[in-house]
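Trainee: The structure that follows is given in the form of structure tokens.
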Amino acid sequence: MSLEDRVAELEKCLKKFEEVLNIEKNDIVRDSAIKRFELCFELSWKTLKDFLNKEGLFCRSPRSCVKEAFSIGLIENEEVWLDILEDRNLSIHTYNEELAEELYFRLKNHFVAMSNLLKEIKKRLNE
9 MSLEDRVAEL EKCLKKFEEV LNIEKNDIVR DSAIKRFELC FELSWKTLKD FLNKEGLFCR
69 SPRSCVKEAF SIGLIENEEV WLDILEDRNL SIHTYNEELA EELYFRLKNH FVAMSNLLKE
129 IKKRLNE
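Heads up: take any position in the sequence shown, counting from 1, add 8, and you land on this note's numbering.
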């Protein structure tokens, strides 16, 4: 998949993520929002990886990509992204109602960070 295709897919994914975040919360909406978060995270880091590769920077994991992105000012706050990574790992490997509730209330902030990354990548691609 080309970088441009990844950017387009991430944009679509984030729109769907935003849609579910704007629906009144119930268990089904919560679980759907968490799943969309997981999908958007995967697309975010893979888009980030492709962008960094295009810039001559190489990373192999989400964590290393976040660190590279921070080092070139692509993301403003490395800790926010490391928290997003931790939440993604928790959501995939450990599921229980209490965790789902806690995670749900952090998703809007995660959405903002992923949207900002997309905007910055698009801006730099158009320079």
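Where is the CB? At the ideal position from N, CA and C, for every residue including glycine.
1. By Cβ distance below 6 Å, which residues in the same chain neighbour F78 in space, the five residues on each side in sequence not counted?
2. Closest by CA to I42, which one among E84, H101, I80?
3. Using 9 Å as the threshold, is the C-beta distance between E19 and L115 below it?
4. Indicate the three-state DSSP secondary structure (helix, strand or coil) for F78 in the structure shown.
5. Identify which residue in S10, L60, N34, M122 has its Cα closest to the Cα of L93.
6. Under the assumption that C73 contacts K62 (Cβ atoms under 8 Å), give the Cβ distance between them as a whole number of angstroms.
7. Look at the alpha carbon of A81 and the alpha carbon of E110, and state the distance between them as a whole number of angstroms.
8. Please confirm if E110 has its CB atom under 9 Å from at least one CB of chain C.
9. Which ranges would you report for the alpha helix (DSSP H) in the stretch 57-106 if only whole runs of at least 4 residues count?
10. Which class does S123 belong to by DSSP, given the choice of helix, strand or coil?
Mentor: The structure says:
1. E86
2. H101
3. no
4. helix
5. M122
6. Contact flag wrong, Cβ pair sits at about 13 Å.
7. Looking at the sequence provided, one finds Gly at residue 81 rather than Ala. Those two C-alpha atoms are separated by around 29 Å.
8. Protein chains in the displayed structure number just one, and chain C is not present.
9. 70-79, 86-101
10. helix
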